[in-house]
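Heads up: the structure comes next, in structure tokens.
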Amino acid sequence: MIAFIVRRLLLLFPVLLIVGVIVFTLVHLTPGDPASVMLGRDATTEQKDALREQLGLDEPFHVQFVQWFGDALRLDFGDSLFIGKPVTEALLERVQPTGLLTLYSLTLSILIAIPAGVIAAVRANSLPDRLLMVVSIGGAAIPSFFFGILLILLFAVVLGWLPSGGYADIGDDPVQHLRYMLLPTIALGFSAAGLLARLVRSTMLDVFNEDYVRTAYAKGLLRRRVVLGHALRNAMIPVLTVIGISLAGMLGGAVVIETVFNIPGMGRLLVQSVTRRDFPVVQGAVMTVAAIQVLVMLLVDVLYVYVDPRVRYGGD
Amino acid sequence: MSQRQRPDERGTTPFTEFIRPPGVSRRALVRAGVAGAAGIAAAGTLVPRGAGAKPGPASARPALLRQEAGQGQPGGTLRVATTGQPAGLDMHLVNQRTITLIGWNMYEALFTFDADYATVPMLAEGITVGADGLTATIALRQGVPFHNGAEMVAADVIASYNRWAPVSSLGLAIAPFLNEVVEVDPYTVEFRLKNPLATLPSLLARQAQGLSIHPKSVLDAAGVNPLTDEGYIGTGPYRFVERQTDRFTRLGRFEEYASLETAPSGYAGAKAAYLDEIEFIPVPDEAARVAGLQSGEYDYLEEIIPDQIEVLQDNPDVTIEILPPRSYGVVIMNTVAGLMSNVTIRQAVQAAIAVEPTGQASHGEGYFEPGPGIMMPQTAWNSDVSAELYNQNNPEKARQLLETAGYDGTPVRLLATQEDLGDYNAAVVVQQQLEAAGFAVELEVSDEATLEENIEDDERWDMTTNAYVFRPDPVLIAAFASCAADGQWCSPEKVAAVERLQTESDFEARYAALEELQRLWYEQAPAVKLVNNYGVAALSSRVQGLLGQTHFEIEPEFANCWIEEG
Amino acid sequence: MAVTEFRGVANHAAVATPDRGRGWRRWRLSAITPASRYYWLRLLLQNPAALASLGLVLLIFLMAVLAPIVAPHEPNFVDPAVRLQAPSADHVFGTDDLGRDVFSRVVYGARISLLVGVSVMVGATVMGSLIGLVAGFYRRLDTLLMRVMDGLEAFPSILLAIAIMATLGPATRNVIVALSVVYTPNIARLVRGTTLMNKHQPYVESARAIGMRDFPIMRRYIFMNSLSPLIVQGTFVVAFGILAEASLSFLGAGVPPETPTWGSMVSSGQPRLQQAWWVSVFPGALLVATVLATNLSGDGLRDALDPRTRKR
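Just so you know, the sequences run in chain order A, B and C.
Just so it is clear: in the first sequence, position 61 is 61 by this note's numbering, and no numbers are missing.
To get this note's numbering, take the position in the second sequence, counting from 1, and add 316.
To get this note's numbering, take the position in the third sequence, counting from 1, and add 882.
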């Protein structure tokens, strides 16, 4: 088991390398020279050349990349051009809102999706199935920003129950924190729940056709036990993967939702850094989110082994 | 920096030239109104007839009773929704609207503006000008503590001046007149001048990127680098507590604040810090700001689209006030390169435009007024000269002018940014009007940073929409005072008119010069004036002592306002 | 399954779409379909939700194609005198903050949304299929290609799209490129999976035995067997593409703002949602309806094409 995890960890490196190449190339291709950005437009050519040399921007692309990637592996993304702090520090300040928002939304979507998916599968093609699926597809079809705005209108403006946006630190005031996070969590979790519920339904349907389920029925086991004990457990395997993938979707969705609800998270920092031309932050934020995503997928792989006795970690 | 911006090469008087500090674009200067604020003509008794703001249009501004300070309730947190994250709080280096809004609650200047936009002392005790006009002696108030406990003395003022002067457009405007600034004693500073500069107090007064006074120790440590969180130290009624980028900037009451005894008036007089804290929260999204005001999340909005008023006005928790015009829209044309360097084509643009639709689109019916004056109607400078060339709405004439000019159908590059919805909407309307008159127009929409970059390059644009913000004196509007502002309007006649505006001290003579300038504006058509846009203040009804107390043109001050629960 | 059965398959169908689908139908006939070659179609017809959705998608498609006829006004005609008017007989969806007719803009917006959705699907399918086939077929390239796909998938999709848009600048074409890249790994993974499954099937072995080259084998036997899941996945990519375009526009990283798209219309109406809900809500509703219909069609196709989900 440990060998398996180590092997998977080693495989992380090439993926992160590719992620790094993509990020670095994209940022390099973005119009706008960092030296000009840092010095302002009125700087002389000599000033800019001097700064480029100092920053190592006159080196060939691959040399710069190796330098940057080496620093990035040590979590050093340089200094922000706008905030005047190291990028790592700026990112750390924003991990909590994004991390918790994602966590809450994921929890909410699982709590909705698994019961909904199982019920829909058990009663496939019945009215409840169709209704649940239309609702869940509807959830996936509503752009989260649109849904978020409608939620603000209803709960913050019309009813006045919840704040329309902002954030409170969980350590400072947990109750306030939850009040701030409720609407964003619903906006983000609901759309992910739609996709997840559809997947639970279809994998459950697949599993129902498997021999062992038929055998279980044949043995005279109760339907409830078959569904929850046999089918659901096996259906969880692909569902786990999709939970991992939907986590990626949520980290992305957080970008949009943080903008709608004015939550000072990493996503909002990233979007604003793009308009501020704060390239070190863009690179750092994208790398960090990608790395988190890769680690989550690794975790999913490891969980796989636990859930599915057929997967052997020695194999390919 | 391009050559054209060096004053000596333009041959204008130094005062007319506003050189941008590094990193501050021309556009930013126009937005903030170069020499920032108010009041060369309003410099106390030195100029006979002030250009102070008259009360706004009667319909737009109901009479308000001025309240006396000292009746507020202490306590509470005022939450202000700003349009974005300020780039630090170093007012010397960065000219940004949100910094102006936050900064003047924690910093103070030597002079400030009272309710009538007259220049009055704040940290200064007063100013004495020598008989020859070549020495200006400023006495400082004694016993004024900084937030770090040290007392403000002459050395702090001089250190602040020396750091600020080379990077601020105001300091650059003073420089040609100045020999040196010296400390006479710990409470007296003397400006030794080459030529008389009657407007010195106004140039040193509270305004966008104005001279805020900081402790010498802090400035020495920072040098030319931006101040950091530890260095945000001033003398104001609120002190810096904490900030987190994109989350909040928090100010707290400064218990030792040394207040003036005189009654509050505009930005002047006694200041009482009733609030425990002020939080400035960046909320870039308009809908989120308004929803936050309705739900009680925010108490004051830095900006609001007038369309929202309809929704808010019946809400008992919200107070909306229509203010006198704060800005007017303009279509600025590139007079030095490309299509628009041809004055006949510029006149065709002028002929084609109807202003009401631009006002409706950018500010909404009822929140603007047409008017030909290139100075705001509430100032003494309002004039109807050349009104027949304003708001012509004459596509036929435009066509003829285009024919005369031999226009070949080259597309006009009209730059706009969606970061300012009003300017963007005006641009879309202008595009359609110009196309109806036979122009081919390409609307190029980008973010503000890219737009500024493009405008820096003469070859990359023909026209753009913008707004000139309220200034009480014409020489404070960069496009008039300088040949280097966006569009680079420059002609010998213009330079001559501006020189008269700057050198004459008699108001009648200056007014004549302004009328001449306005005539030239319409004849040479460097830009097309659209409409005067009313200001709108949107705040929670809990907030008392703000409306009718402070000005809003150079952002409100939250001293003397308090929160009334219930 | 005899190889000879495949002899007559048209070999021009490198990228098969249903209307060019001789090979596709043949595949249905030979590989899975039990009774009739139109069995799947009958199944689809029996699914009213899917049928209604397909009808709606078709309707929106027609609306997009016939936009100049359907739209009562010029979509970009600005008339500030009638701005922010509630729905009326003349402006059935009301007017926006520039006095433009929202209905006409919604009609024209269908063009961009569908163009983006369909182009992204085609782009991602072409790139993803090629990569998936090659990766699945050649073990040596597999690791490299799939690690690159892993790398692309490591980004949350909207983040990658934002980063690409920041580099390319706002244009409809760039949105298509960015989103195609974003959804390529998804397709590549799917095609690689079916390739791995199929490449040791007897008919592939036989084809190889009679001396067929790699590429024709990939195209005829392996790709054709990926078609069913590809079509299903493709409809979802269309839906994702439309949604992602809307999100990009919302964040200000999408198509140029003067182009009417549903996404940009929702965000342009957003600041005034309270007093002029129609500016956002109608394009938003159409967006939701289209994505919903596309997804339901995809579900219907999936149920019809994949016998394993067919119930009872």
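Note that CB positions come from ideal geometry on N, CA and C, so glycine has one too.
A quick note: this is a predicted structure, and the numbers were derived from the prediction, not measured.
Interface criterion not met: the Cβ of C:Phe943 is under 8 Å from no Cβ in chain A. Per DSSP, B:Asp501 is one residue of the beta strand (DSSP E) stretching across Leu494 to Asp501. Per DSSP, the continuous beta strand (DSSP E) segment holding B:Gln560 begins and ends at Tyr554 to Gln560.
Residue environment for B:Glu572: exposed (fewer than 16 other C-beta atoms within 10 angstroms of its C-beta). Note: B:Tyr850 is bridge-paired with B:Pro641 in the DSSP secondary-structure output. Using a Cβ-Cβ distance cut-off of 8 Å, the region 623-638 of chain B and the region 1143-1163 of chain C are in contact, since at least three pairs of beta carbons, one from each stretch, lie closer than that value.
Looking at the backbone, the Cα of B:Met779 and that of B:Thr561 are separated by about 34 Å.
If you draw a straight line from the Cα of B:Pro693 to the Cα of B:Cys806, it comes to about 25 Å.
Listed in chain order, the non-local C-beta contacts of C:Lys1081 below 8 Å within the same chain comprise Gly1018, Phe1019 and Ile1104, local neighbours out to five positions each way being set aside. Scanning B:Thr635, B:Ala470, B:Leu759 and B:Ala607 for the CA closest to the CA of B:Leu863 turns up B:Thr635. Residue-level contact by beta carbon fails for B:Leu730 and chain C, as no gap is shorter than 8 Å. The continuous beta strand (DSSP E) containing B:Glu685 extends over residues Phe684 to Pro686. Within chain C, the residues whose beta carbon sits less than 8 Å from that of A:Thr30 are Ala1048 and Thr1049, listed in sequence order. Around the CB of B:Pro600, 16 or more other CB atoms lie within 10 Å, so the residue is classed as buried. Across the structure, C:His973 and C:Phe985 are spaced so that their CA atoms are roughly 7 Å apart. At least one CB of chain C lies nearer than 8 Å to the CB of A:Leu26. In terms of Cα proximity to A:Ala187, the closest of A:Glu258, A:Ala120 and A:Leu12 is A:Glu258.
A:Leu73 and B:Tyr784 have their C-alpha atoms some 49 Å from each other. When DSSP states are grouped into helix, strand and coil, C:Leu980 belongs to the coil group. Here B:Thr660 is near B:Ala721, since their CB atoms are less than 8 Å apart. Comparing C-alpha distances from B:Glu809 to each of B:Ala797, B:Thr515 and B:Ser856 shows the shortest one belongs to B:Ala797.
The three-state reading of DSSP puts B:Thr515 in coil, since its state is none of H, G, I, E or B. Scanning B:Leu516, B:Met691 and B:Lys713 for the CA closest to the CA of B:Ala794 turns up B:Met691. Within the same chain, Cβ atoms closer than 7 Å to the Cβ of B:Leu717 are found at Thr660, Gln663, Ala664 and Ala667, the five residues on either side in sequence being excluded.
Secondary structure note for C:Pro1067: its alpha helix (DSSP H) is the uninterrupted segment Thr1054 to Asn1080. With a minimum length of 4 residues, the unbroken runs of alpha helix (DSSP H) contained wholly in the region 153-233 of chain A fall at 174-208 and 211-218. Interface residue (Cβ-Cβ distance to chain B less than 8 Å): A:Ile112 is not classified as such.
Contact annotation: C:Thr1066 and C:Val1137 have beta-carbon atoms that are not nearer than 8 Å.
Neighbourhood of C:Ala963 in chain B, by CB distance below 9 Å: Glu672, Pro673, Gln676 and Glu681, in chain order. Only residues of its own chain outside the window of five on either side were considered, and among them Gly1005, Ile1046 and Leu1050 have a CB closer than 8 Å to the CB of C:Val1059, listed in chain order.
Under the Cβ criterion of 8 Å, B:Ile621 is counted among the residues facing chain C.
A distance below 6 Å between beta-carbons, with the five flanking residues on each side excluded, links A:Val286 to the following residues of its chain, in chain order: Val23.
A:Val21 and A:Thr275 have their C-alpha atoms some 22 Å from each other.
Between C:Gly1014 and the set C:Val1148, C:Leu1078 and C:Glu1087, the nearest pair of CA atoms involves C:Leu1078.
Within 7 Å of the CB of C:Leu1155, the CB atoms of chain A belong to Ile149 and Leu153, in sequence order along the chain. Cβ contact annotation for C:Gly981 (same chain, cutoff 7 Å, sequence separation greater than five): Val960, Asp961, Pro962, Ala963, Val964 and Arg965, in chain order.
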